[in-house]
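Colleague:
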Amino acid sequence: MLEQCRRDQWSVSDLDWSGSPRSMSREDEEQIVQLFTDMAGIERLASAMFREQERRVEDPRLKAIFATFIRDEIRHAQTAQMLADFYDVHHFRHYQESESLRAFSSVFVEAIHHLSDDVANAYIVTGELLLDIALLRSIDDHVGDAMSGAAMRLINRDESRHIAIDYYMSAYYASDEYEEKQKLKPKLGLKERAQAASTFSRMLYRAQPFIRDVFLRPMEKLDPRGKRLRAAFKRSQLLGMKEKSARRPFTRFTRSLQAGFENPVLRPVLGDVFVRLSGVGPDFLARLYTDEELTRARGMSYEALADEALEAKQEN
Ligand SMILES: [Fe+2]
Ligand SMILES: [Fe+2]
Numbered sequence: 001m002l003e004q005c006r007r008d009q010w011s012v013s014d015l016d017w018s019g020s021p022r023s024m025s026r027e028d029e030e031q032i033v034q035l036f037t038d039m040a041g042i043e044r045l046a047s048a049m050f051r052e053q054e055r056r057v058e059d060p061r062l063k064a065i066f067a068t069f070i071r072d073e074i075r076h077a078q079t080a081q082m083l084a085d086f087y088d089v090h091h092f093r094h095y096q097e098s099e100s101l102r103a104f105s106s107v108f109v110e111a112i113h114h115l116s117d118d119v120a121n122a123y124i125v126t127g128e129l130l131l132d133i134a135l136l137r138s139i140d141d142h143v144g145d146a147m148s149g150a151a152m153r154l155i156n157r158d159e160s161r162h163i164a165i166d167y168y169m170s171a172y173y174a175s176d177e178y179e180e181k182q183k184l185k186p187k188l189g190l191k192e193r194a195q196a197a198s199t200f201s202r203m204l205y206r207a208q209p210f211i212r213d214v215f216l217r218p219m220e221k222l223d224p225r226g227k228r229l230r231a232a233f234k235r236s237q238l239l240g241m242k243e244k245s246a247r248r249p250f251t252r253f254t255r256s257l258q259a260g261f262e263n264p265v266l267r268p269v270l271g272d273v274f275v276r277l278s279g280v281g282p283d284f285l286a287r288l289y290t291d292e293e294l295t296r297a298r299g300m301s302y303e304a305l306a307d308e309a310l311e312a313k314q315e316n
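For the sequence shown, my numbering assigns the number 1 to the initial residue and increments by one for each residue that follows.
Written as C-alpha cells, this is what we have:
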C-alpha cells in the first residue's frame, strides 16, 4: 500500500486546464461553483482528519501511509478550488465556503482530537463514504464536463486507497489486540472526560446544519431519490454493526441512538433529539439495512467490505 501511495502521487499541473467549460445556465454555474468551493473546504477537513490518524498510529508504515493521505487531501482541496475558478466563467457573484461548513470544521478538528481512536475512525470512514461514493460522484455527473471528469478520475484513484485503509483501521479497532491495549491505557481524568464530552456535543450541534447544507441539500438535486446517500449511510451502519458485540463506545453510541429512534413510543417524543445528537437527518438515522444484509456483512472480511464500497462507485 505504501508503495502504491508513493507511486500514485500526482500534481494539479498534471491536468490540462487550457480548455473551456461547457455552456451552462446561470443557475447551474452558480450551483457548480458553490459545490466546488465547498468541496475544497471538505477536502481540507479531510486532510485534518488524516493528520489526526497519523498522530494516533504507532506503526511506522501506517504513519507514512497517512502522511501521503494528508498530501492527497490537500491536493484535492487545491484541485476543487481550481475547478471552482474554472467554472466561474461569468463571475455572477462572490463565492465563499458555506457558513455551516466553516462553523463545523473548526469545532470538528478540536473534537476529534479528544475522541477515542475508534470513534474518530468511525467519523472518518462515514465522511469518506459520503464524500467518495455519494457526493463526489454526483457532483461529477451533474457537471457533466471533461475538465471535472479528468480531475475526478485522479481524485478517485486516491480515494480508493483511503477507503481501503479506513476499513483496515476499522478492523483493527474492532480487534481483540486493540481491546487488550485499551486495558493497559491509563483512564482519562474527570477534567479531560468533561472537556471531551463538551467538545463532542458542540461538534454534534454543528454537524446537523453542516450535513444539511453541504450534503443533503445539494444532493436533493444531484441525487433526487437519495439512492446514493442512502447507500453510503447504509455502508456506515453495517460497519458499525459488523461485530456482534458492541464493545467500543462509538458502536454502542450509534446502536443506542438507532434503537431509541426506532422505538414507537420514544420516537415522537425524542425523535428530534436523536436526530440532532446523531448529526444526520431522520431518513438516514432509521435502520437502512435488512437482516439478510447484516448477516451477509458479518460473514464478510473488512477487506471484502471495502472492495464492495469501492465497486459501488461504478454502479448507479
Ligand atoms: Fe479527498
Ligand atoms: Fe479521502
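Note that beta-carbon positions come from the ideal geometry of N, C-alpha and C, so glycine has one too. Owing to the predicted nature of the structure, the values given are computational and were not obtained by experimental measurement.
Would you list, in sequence order, the uninterrupted alpha helix (DSSP H) runs of no fewer than 4 residues that lie entirely inside the region 111-172?
Modeller: 117-128, 136-143
Colleague: Give me the Cβ distance between MET152 and ASP166, rounded to the nearest whole Å; I'm assuming they're in contact under 8 Å.
Modeller: Sequence index remark: in the sequence shown, residue 152 carries index 152 (1-based). Sequence index remark: in the sequence shown, residue 166 carries index 166 (1-based). No, MET152 and ASP166 are not in contact; Cβ-Cβ is about 19 Å, not under 8 Å.
Colleague: Quick check: is any heavy atom of ligand 1 less than 7 Å from the C-beta of ILE211?
Modeller: By 1-based counting over the sequence shown, the position of residue 211 is 211. Because no heavy atom of ligand 1 lies under 7 Å away, the Cβ of ILE211 does not count as near it: no.
Colleague: In or out: HIS94 buried (at least 16 other Cβ within 10 Å) or exposed?
Modeller: Translated into positions along the sequence shown, residue 94 becomes position 94. With fewer than 16 Cβ atoms within 10 Å of its Cβ, HIS94 is classed as exposed.
Colleague: Give the DSSP-derived three-state secondary structure of PHE69 in the structure shown.
Modeller: Indexing the sequence shown from 1 puts residue 69 at position 69. It is helical.
Colleague: Taking 6 Å as the limit, name every residue whose beta carbon sits nearer than that to some heavy atom of ligand 2, in sequence order.
Modeller: Qualifying residues come out as ALA46, GLU73, GLU128, GLU159, HIS162.
Colleague: Among the residues of its own chain, which have a CB less than 7 Å from the CB of PHE92, if the five just before and after it don't count?
Modeller: In the sequence shown, residue 92 corresponds to position 92, counting from 1. Correct list, in chain order: ARG26, GLU29, GLU30.
Colleague: From LEU115, LEU188, GLU159, GLU110, pick the residue whose C-alpha is nearest to that of LEU130; which is it?
Modeller: Residue mapping note: residue 130 aligns to position 130 of the sequence shown, counting from 1. Selected option, being the one with the closest Cα: GLU159.
Colleague: Assuming ALA196 contacts HIS114 under a Cβ cut-off of 8 Å, what Cβ separation, rounded to an integer in Å, is found between them?
Modeller: Translated into the one-based positions of the sequence shown, residue 196 becomes position 196. Translated into the one-based positions of the sequence shown, residue 114 becomes position 114. That pair is a contact at about 4 Å.
Colleague: Does any CB atom of chain C fall closer than 8 Å to the CB of ILE155?
Modeller: Structure shown: chain C not included; a single protein chain is present.
Colleague: Sort MET1, ARG44, LEU136, LEU2 by Cα distance to VAL109 and report the nearest one.
Modeller: Reading the sequence shown from its first residue, position 109 is the one you call residue 109. Answer by Cα proximity: ARG44.
Colleague: Three or more beta-carbon pairs under 8 Å between the region 170-181 and the region 67-81, yes or no?
Modeller: no
Colleague: Roughly how many angstroms lie between the CA atoms of SER301 and TRP10, to the nearest whole one?
Modeller: Stepping through the sequence shown from its first residue, residue 301 is reached at position 301. Stepping through the sequence shown from its first residue, residue 10 is reached at position 10. Whole-angstrom Cα-Cα distance: 31 Å.
Colleague: Suppose you measure from the CA of ALA80 to the CA of ASP14; what does that come to, to the nearest Å?
Modeller: Taking the sequence shown and counting its residues from 1, one reaches residue 80 at position 80. Taking the sequence shown and counting its residues from 1, one reaches residue 14 at position 14. Between ALA80 and ASP14, the C-alpha separation is close to 14 Å.
Colleague: In three-state terms, what does DSSP make of TYR302?
Modeller: Translated into positions along the sequence shown, residue 302 becomes position 302. In this structure, TYR302 counts as helix in the three-state DSSP scheme.
Colleague: For ALA297, collect the residues of the same chain with a Cβ closer than 7 Å to its Cβ; drop the 5 residues on either side in sequence, then sort them by chain order.
Modeller: To locate residue 297, count along the sequence shown from 1; it is residue 297. Hits under 7 Å: LEU238, LYS242, LEU305.
Colleague: Considering SER47, what are the terminal residues of the alpha helix (DSSP H) in which it resides?
Modeller: As a working note, residue 47 is residue 47 in the sequence shown. That run of the alpha helix (DSSP H) goes 26-56.
Colleague: Under the three-state reduction of DSSP, which class applies to MET82: helix, strand or coil?
Modeller: Your numbering for residue 82 matches position 82 in the sequence shown. In the three-state scheme derived from DSSP, where H, G and I count as helix and E and B as strand, MET82 is classed as helix.
Colleague: CB of ILE155 to nearest heavy atom of ligand 1: below 7 Å?
Modeller: Within the sequence shown, numbered from 1, the residue matching residue 155 stands at position 155. Flag set: Cβ of ILE155 near ligand 1.
Colleague: From the DSSP output, in three-state form, read off ARG193 for me.
Modeller: Taking the first residue of the sequence shown as position 1, residue 193 is located at position 193. Helix, per DSSP.
Colleague: Please state whether DSSP places MET1 in a helix, a strand or coil.
Modeller: Taking the sequence shown and counting its residues from 1, one reaches residue 1 at position 1. Three-state result, MET1: coil.
Colleague: Any heavy atom of ligand 1 closer than 7 Å to the beta-carbon of HIS113?
Modeller: As a first step, residue 113 must be located in the sequence shown, where it is residue number 113. No.
Colleague: List the whole-angstrom C-beta distance separating MET147 from PHE86, where the pair is believed to meet the contact cut-off of C-beta under 8 Å.
Modeller: Within the sequence shown, numbered from 1, the residue matching residue 147 stands at position 147. Within the sequence shown, numbered from 1, the residue matching residue 86 stands at position 86. Going by Cβ atoms, the distance from MET147 to PHE86 rounds to 6 Å, so yes, they are a contact pair.
Colleague: Would you give the residue range spanned by the alpha helix (DSSP H) that ARG287 belongs to?
Modeller: Residue mapping note: residue 287 aligns to position 287 of the sequence shown, counting from 1. Neither: ARG287 is in no alpha helix (DSSP H) and is coded neither H nor E.
Colleague: Quick check: the Cα distance between ASP117 and SER198, rounded to an integer number of angstroms?
Modeller: Translated into the one-based positions of the sequence shown, residue 117 becomes position 117. Translated into the one-based positions of the sequence shown, residue 198 becomes position 198. Here the alpha carbons of SER198 and ASP117 stand approximately 17 Å from one another.
Colleague: Of the choices GLY149, LEU310, VAL107, MET1, whose alpha-carbon is the least far from that of ARG22?
Modeller: Numbered from 1 along the sequence shown, position 22 holds the residue referred to as residue 22. Per the Cα distances, GLY149.
Colleague: Alpha carbons only, please: which of ARG225, HIS162, ARG212 is nearest the one belonging to GLN53?
Modeller: For this step, residue 53 is matched to residue 53 along the sequence shown. Comparing Cα-Cα distances from GLN53 to each of ARG225, HIS162, ARG212, the minimum goes to HIS162.
Colleague: Under 7 Å from any heavy atom of ligand 1, does the C-beta of GLU43 make it?
Modeller: Along the sequence shown, read from residue 1 onward, the residue named residue 43 stands at position 43. Yes; taking the cut-off as 7 Å, the Cβ of GLU43 has a heavy atom of ligand 1 nearer than that.
Colleague: Mark ALA207 as exposed unless 16 or more other C-beta atoms lie within 10 angstroms of its C-beta, in which case mark it buried.
Modeller: As a working note, residue 207 is residue 207 in the sequence shown. Buried is the call here.
Colleague: Just the Cα atoms here: how many angstroms apart are GLU317 and LEU62?
Modeller: The structure shown does not extend to residue 317, since the chain is modelled only from 1 to 316, so the question has no answer here.
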